[in-house]
């Protein structure tokens, strides 16, 4: 059973990203939206952690663009229709509110 984990809070303001990474499974994926896109800032601890994990990682393109964050080649920038499709492909969606 796969889960799409959706984060929308900055990884620099709380520990949602760390908590998510502790429970994320091998068949799960992670979507960064809103301020969670800041996790893709090169040179930061969240960037290094996500890169090392090698998990399926997505970011809403408009959120990365609004924050002037370049999406690394190991992450996939998607739009809202692709977000819906991604949600359908997984058995569950867990929003880390």
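Residue numbers (full-length UniProt numbering): 1 to 97. C-beta atoms are modelled at their ideal positions from N, C-alpha and C, and glycine is treated no differently. Predicted model only: the values in this text are computed from it and were never measured.
> Anyone know if the C-beta pair for residue 37 and residue 64 falls short of 8 Å?
Replying inline: yes
> Ordered along the chain, which non-local residues of its own chain (more than five positions away) have a Cβ less than 6 Å from that of residue 92?
Replying inline: 3
> Is it the case that the Cβ atoms of residue 86 and residue 30 are separated by a distance below 8 Å?
Replying inline: no
> Going along the chain, which residues of its own chain have a beta-carbon closer than 6 Å to the beta-carbon of residue 33, five neighbours each way excluded?
Replying inline: 8, 60, 63
> Anyone know if the C-beta pair for residue 41 and residue 24 falls short of 8 Å?
Replying inline: no
>> Helix, strand or coil for residue 84? Go by DSSP, reduced to three states.
In response: helix
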